[in-house]
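Per the working numbering: the sequence shown ends with 137, consecutive numbering throughout.
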Amino acid sequence: MPRPKRRPHHLIPVARDYIEAQVPELKNAPLRFRQLDGPAGGPRYAAFAAKCTTNDCPYNVPPKVSEAGRCPICDCRFRCSARVLLNRDGDIIQTTQSTIRWG
């Protein structure tokens, strides 16, 4: 008997809306969502979004690889990325925008 399909986490829309509002360049970028472990009261979840801003990659990374979040270049000046840390209640603790590949 197959297992029932998991429902998406209820904080994913919160993270997506916040990233789209703060960084319009990442409007349709794929979102990665991870659970963190740490001290009580600290960040419980991290959401990452990244998008390559050029169609002609100087590192010869195919666009499909970049779109899947598998770009091997850790810090690229053509990448726009954002990371949002959330607590268990869905409050935004920290937002970081940069050119690095998160997680």
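All residues carry an ideal CB built from backbone N, CA and C; glycine is no exception.
Just so it is clear, the structure is predicted and the values come from calculations on it, not from any experiment.
When the beta-carbon positions are compared, THR87 and PHE112 come within less than 8 Å of each other. As a beta-bridge residue in DSSP terms, PHE82 pairs with ARG66 and ARG117. Counting every other CB atom within 10 Å of its CB across the protein chains shown gives CYS108 a total below 16, marking it as exposed. Secondary structure at ILE126: strand, using DSSP grouped into helix, strand and coil. Under the three-state reduction of DSSP, ASP51 is assigned to helix. Within the same chain, and ignoring the five residues on either side of LEU65 in sequence, the residues whose Cβ sits closer than 8 Å to its Cβ are ILE46, ALA49, ARG50, ILE53, ALA81, PHE82 and ALA83. A direct Cα-to-Cα measurement between LYS61 and CYS114 gives close to 11 Å. GLU101: member of the alpha helix (DSSP H) spanning 97-101, first to last residue.
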